[in-house]
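**Student:**
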Amino acid sequence: MTPSQETALEKLAAPAWPRRPTNLATAVTAELVERIVRGVHPSGTALPPEPVLCETFSVSRTVVREAVKILQEKGLVQVRQGAGTMVTPQSMWDMLDELVLGATIAEDDSLSILDDVVVTRRLLESDMAHVAARIADEETVDRLRALVDRMDELVGDTVAYHELDRAFHDTVMQASGNRIARGVVRGLESQVVNTARYTGRTERSLCVASNRGHRRVYEMIAAHDPEGAAAAMFTHITEAWLVRRSGPGKPDRLQR
C-alpha cells in the first residue's frame, strides 16, 4: 500500500456494524451514502481508492466495485479515467432514492429537505384533489365522508388518527387516477412518515384542526368543485405542516 493510501485509510473509519451483513455490497453502499451525505467525502473529491475501501470494509474488490456502481446509479459519484471515483455535486443526487433521501433528512437540522417534501406533496396532491373533484363517484365520496367522521372520533388517539389520515389522502389520490403522482407521494411519505422531525407535534388539538382541513377537502370533492378542492388541499397540507414543524428554534413558515 502506498503512503497516500495509508493516509486515506487513517481518515476512513471501519463501519460500526454489529455483525457482518449478509449482503456486503448493499451494506457498503449504505455506509458510503451516509458518509457522502455527511460530508466525510465532500462533493468534488475522490473516494478512497479500491484497496483502501477493501481494507476498511474487509471486503473484496468485487464488492467495492458493485457498491460504486450502485452509487453511480444514485447519482452520488462518477468514475473518471485517471481521476478515480469522484463525488458529484448535490444537484446530481437522486433525491427520490430511499438511501439518499433518508440520509439527507437525518443530516438536515434546518428541516429544509422536509419542507421540500411537503411542497412536492402539496403541489401533487392539490392537483389530484382537483381531478378527484371532477370525476369522483358516489362510492369515493362516501368513503371520504366515513373517514372524516371516523377521524373526528379518534382525535384523542394520534396513532389511529394518523392511519386514517393517510387513508384519506390515499383515497383522494386513487380517485384522481394519477398513478405516477400517487407513487411519488407515497414513496416520499414512506421515507418520512415515521420520523419525529416530520411527525412533529401530535397533540389532540392539532388532530382536531387537521381534520377540519380534511372535512373541507371532502366537502369540495362532494360538491364536485375542482378549484375549491385544490385550494382546500393546498391550505390543509400547508397549515398542518407549519403546525407540526413549529417549536423552539424552528421557523413557523414554509418558505416558497
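Counting along the sequence shown from 1, when you hit position 83 you're at 83 in the UniProt record's numbering, and nothing is skipped either side.
Glycine is no exception: its CB is placed at the ideal position from the N, C-alpha and C atoms.
Everything numeric in this text was worked out from a predicted model, so none of it was measured.
#1: In three-state terms, what does DSSP make of Ala46?
#2: Could you tell me if Arg121 is buried or exposed, where buried requires 16 or more neighbouring beta carbons within 10 angstroms of its beta carbon?
#3: Take Asn23 and list the residues in its own chain whose beta-carbon comes closer than 7 Å to its own, dropping the five residues that flank it on each side.
#4: Where does Val63 sit, in a helix, a strand or coil, going by DSSP?
#5: For the candidate residues Gly82, Asp149, Val100, whose alpha-carbon lies nearest to that of Arg35?
#6: Taking DSSP's pairing of strands, which residues face Val87 in a bridge?
#7: Around the Cβ of Gln191, are there at least 16 other Cβ atoms within 10 angstroms (buried) or fewer (exposed)?
#8: Given a cut-off of 7 Å, decide if Leu111 and Thr85 are closer than it, judged by their beta-carbon atoms.
#9: Should the stretch 229-239 be regarded as contacting the stretch 122-130, the criterion being three or more beta carbon pairs within less than 8 Å?
#10: Taking only runs of the beta strand (DSSP E) that begin and end inside the stretch 131-184, which ones reach a length of at least 3 residues, in chain order?
#11: For Val64 and Val28, I'd like the C-alpha separation in whole angstroms.
#12: Just mark Arg80 as buried or exposed, buried being the case when its beta carbon has 16 or more other beta carbons within 10 Å.
#13: How close, in whole Å, do the beta carbons of Val159 and Thr104 come, if the pair is a contact with beta carbons under 8 Å?
#14: So, at 7 Å on beta carbons, what are the nonlocal neighbours of Gly156 in its own chain, with the 5 sequence-adjacent residues on each side left out?
#15: Report buried or exposed for Pro248, applying the criterion of at least 16 other Cβ atoms within 10 angstroms of its Cβ.
#16: What is the DSSP secondary structure of residue 276, counted as helix, strand or coil?
#17: May I have the straight-line CA-CA distance separating Asp109 from Glu138, to the nearest angstrom?
#18: By Cβ distance, which residues of its chain are closer than 7 Å to Asn211, with the 5 residues on each side in sequence left out?
**Tutor:** Once the coordinates are examined:
#1: strand
#2: buried
#3: none
#4: helix
#5: Val100
#6: Val77
#7: buried
#8: no
#9: yes
#10: none
#11: 7 Å
#12: exposed
#13: Contact doesn't hold; Cβ gap of about 27 Å is too wide.
#14: Arg204
#15: Only weak support exists for where Pro248 lies, its pLDDT of 40 falling under 50; the coordinates are left without a value.
#16: Residue 276 cannot be examined here, being either before or after the span of the chain that is shown, 1 to 256.
#17: 44 Å
#18: Val148, Met151, Asp152, Val155
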